[in-house]
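This note's numbering puts the first residue of the sequence shown at 192, with every later residue one more than the last.
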Amino acid sequence: MSFCSCHACIGGCLSPRTRLLMLETANVSADLLRESLSEYPEAQAMHDPDVYLINFLPPDMRMEVEKDLIVGFTNYIETVAYLLQQNQLPKPRMITSCVKCVPNTNKEASALFASKGGLSEYCLDAVLDACGNFQNVAGLDSLPECANDYQWDYLREVLFANSEIWPCGPYSMFDASGEQDDDGWVHYDTSNWKPKDASEQ
């Protein structure tokens, strides 16, 4: 159900203010990822590298991380920004389709990211979560207010509605059995969690 009160929401759920915040977040996130690439070794895979938002990729993808995988990850986040710039809902299937045609991106790196198990869902999850770090975006107050402003749970339901997985990042490095990690907590893989249908509740 749409809660739009501004009559300008994309798809009835993405308000102008939320769209601008997501767009700025995706652009800044891509910039921060590119900055981290400047010091990344060219021909060396790194274990769980200290790279912005990398913890939104599942642990098995972060065991041996090549530079081109980070480039591919960046391309997917840039695609989120590209779709928002075009006033499109950045649903995972749309991201996957469009990542191949976004200008000035490394198509081979995008293919590598996908071949290693990278999904659009992980990248969109990272952007949505990172929105909490970019609240002071220029121009937000000039846009119309809406009941859909910053309704992240509702927006996630819409964006991930047809996805095979419902991502729950960030993910800590952990043993697949759910054993205790070195931070003292027990972690389990929740990357395939999806909300229950009403009939199951």
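For glycine and all other residues, C-beta sits at the position ideal for the given N, C-alpha and C.
9 Å Cβ cutoff met for residue i and residue j
i: residue 236; j: residue 256; result: yes
i: residue 250; j: residue 362; result: yes
i: residue 217; j: residue 269; result: yes
i: residue 243; j: residue 224; result: yes
i: residue 245; j: residue 312; result: no
i: residue 393; j: residue 260; result: Here the chain comprises residues numbered 192 to 392, so residue 393 is not present and cannot be evaluated.
i: residue 327; j: residue 296; result: no
i: residue 329; j: residue 220; result: no
i: residue 346; j: residue 212; result: no
Residues that residue i bridges to, as DSSP identifies them
i: residue 237; result: 256
i: residue 205; result: 201
For residue i, the nearest candidate out of the options (CA to CA)
i: residue 283; options: 318, 259, 242, 260; result: 318
i: residue 308; options: 264, 278, 220, 343; result: 264
i: residue 202; options: 350, 359, 358; result: 350
i: residue 285; options: 215, 353, 212, 364; result: 353
i: residue 342; options: 360, 247, 330, 323; result: 323
i: residue 316; options: 302, 276, 271; result: 271
i: residue 344; options: 358, 231, 333, 331; result: 358
i: residue 232; options: 278, 226, 258, 253; result: 258
Distance between beta carbons of residue j and residue i, contact taken as under 8 Å
i: residue 325; j: residue 215; result: 6 Å
The stretch 194-207 in contact with the stretch 288-300 per 3-pair CB rule at 8 Å: no
Cβ contact (3+ pairs, closer than 8 Å) linking the stretch 330-338 and the stretch 207-227: yes
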